[in-house]
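Residue numbers (the working numbering): 14 to 200.
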């Protein structure tokens, strides 16, 4: 009887082992270290947003590298007094590290001024936004898990004109985000 249970259990696990081999063979997860030089993007593509801001985002660590566990971008700010609308990530936490310049953030009801060297954590399901306060600014932006952020930045970079409010809302919704209010005003 024990042998029969063992054989049945082994047969039941066989499809799982086949799937694991298939997944490892066809998924793009990186199993080696890599570097991305300053001013470069992981796959050579710079995403310059249009409509949300004119900022450039460079993938430094892709969701493809981590089985979608994390994505890291370098955001170079080109939009003084600009930033995204107040929005919510229902599925992702975010972490920002200011490399250069100054920013003003709202996270829930709390507001924060950040400058080079400062870090801020934005929990999922909490409305948030930021405004760039200096002419030159940049941040490292991390999404946990990676979610659809790479696709979002690719979508916004493909716009040829500023989007309508409906187009903007659709882009956010299609990439698992919710617009919760207008962009922040500088205080």
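All residues carry an ideal CB built from backbone N, CA and C; glycine is no exception.
As the structure is a computational prediction, the values presented were derived from the model and not from experiment.
query	result
What residues are listed by DSSP as bridge partners for residue 152?	88 and 111
Let me check understanding here. Comparing Cα to Cα, which of 78, 93 and 50 lies closest to residue 149?	93
Considering only C-alpha positions, which residue in the set 159, 140 and 53 is nearest to residue 97?	140
With the cut-off set at 8 Å, would you say residue 54 and residue 71 are in Cβ contact?	yes
Hey, could you find the ends of the beta strand (DSSP E) residue 71 is sitting in?	69–74
Does the Cβ-Cβ distance between residue 95 and residue 144 come in under 8 Å?	yes
Name the two residues that bound the continuous alpha helix (DSSP H) containing residue 186.	178–187
Going by C-alpha to C-alpha distance, which of 128, 49, 61 and 82 sits closest to residue 104?	82
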